[in-house]
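Colleague: Just so you know, we're using my numbering here: the sequence shown kicks off at 1 and counts up by one. The C-beta atom is built at its ideal place from N, Cα and C for all residues, glycine as well. Below you will find the structure I want to go over with you.
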Amino acid sequence: MNINIKVEPNNKQIIVESSNKCSIKNEIYKLGESINLTDLVKYISDINNYIEINPESFGVFKNESKCEDKEILKITEYIYKVFDAYNKSYQEVCVDKET
Numbered sequence: 001m002n003i004n005i006k007v008e009p010n011n012k013q014i015i016v017e018s019s020n021k022c023s024i025k026n027e028i029y030k031l032g033e034s035i036n037l038t039d040l041v042k043y044i045s046d047i048n049n050y051i052e053i054n055p056e057s058f059g060v061f062k063n064e065s066k067c068e069d070k071e072i073l074k075i076t077e078y079i080y081k082v083f084d085a086y087n088k089s090y091q092e093v094c095v096d097k098e099t
């Protein structure tokens, strides 16, 4: 499963989109609106696969996007933490069961 994370700084938006058909619907988080990552956590908790994120880390995202908006960067960092936590749990639980 592949997830792309991108930012539109002019629109103050963070876009999380799936490049595969899956239970994750594309999400747009816009500054100035209520941002709740609970739905994202619910969606990925139903997935039974490792999730590849593009760019692969928050550090790479920050360098590639050249975004300077601190709020956007903080929210994006939280989004990366959600995916990282899921992938870590998936590897500990699901991959360990297979071996």
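(1) To the nearest angstrom, how far is the alpha carbon of SER65 from that of ILE51?
(2) Under the rule that 16 or more other beta-carbon atoms within 10 Å means buried, what is VAL60, buried or exposed?
(3) Taking Cβ to Cβ, would you say ASN54 is nearer than 8 Å to ILE3?
(4) Mind checking who GLN13 pairs with in its DSSP beta bridge?
(5) Under the three-state reduction of DSSP, which class applies to GLU56: helix, strand or coil?
(6) Looking only at its own chain, which residues have a Cβ that is under 6 Å from the Cβ of GLU71, when we skip the five neighbours before and after it?
(7) Which term fits ILE28, buried or exposed, when burial requires 16 or more other beta carbons within 10 angstroms of its beta carbon?
(8) So, with DSSP's three-state summary, where would you put ASN2?
Modeller: Here's the rundown:
(1) In the sequence shown, residue 65 corresponds to position 65, counting from 1. In the sequence shown, residue 51 corresponds to position 51, counting from 1. Approximately 21 Å between the Cα atoms of the pair.
(2) Here the question's residue 60 lines up with position 60 in the sequence shown. Burial call: exposed.
(3) Here residue 54 is taken as the residue at index 54 of the sequence shown, counted from 1. Here residue 3 is taken as the residue at index 3 of the sequence shown, counted from 1. Yes. Within cutoff.
(4) Working through the sequence shown from its first residue, we reach residue 13 at position 13. DSSP output for GLN13 lists GLU8, LYS30 as bridge partner(s).
(5) Reading the sequence shown from its first residue, position 56 is the one you call residue 56. Reduced to three states, the DSSP call for GLU56 is coil.
(6) To locate residue 71, count along the sequence shown from 1; it is residue 71. LEU31, listed in sequence order.
(7) The sequence position of residue 28 within the sequence shown is 28, counting from 1. Exposed is the call here.
(8) For the purposes of this step, residue 2 is taken as residue 2 along the sequence shown, with counting starting at 1. ASN2 falls in the strand class under three-state DSSP.
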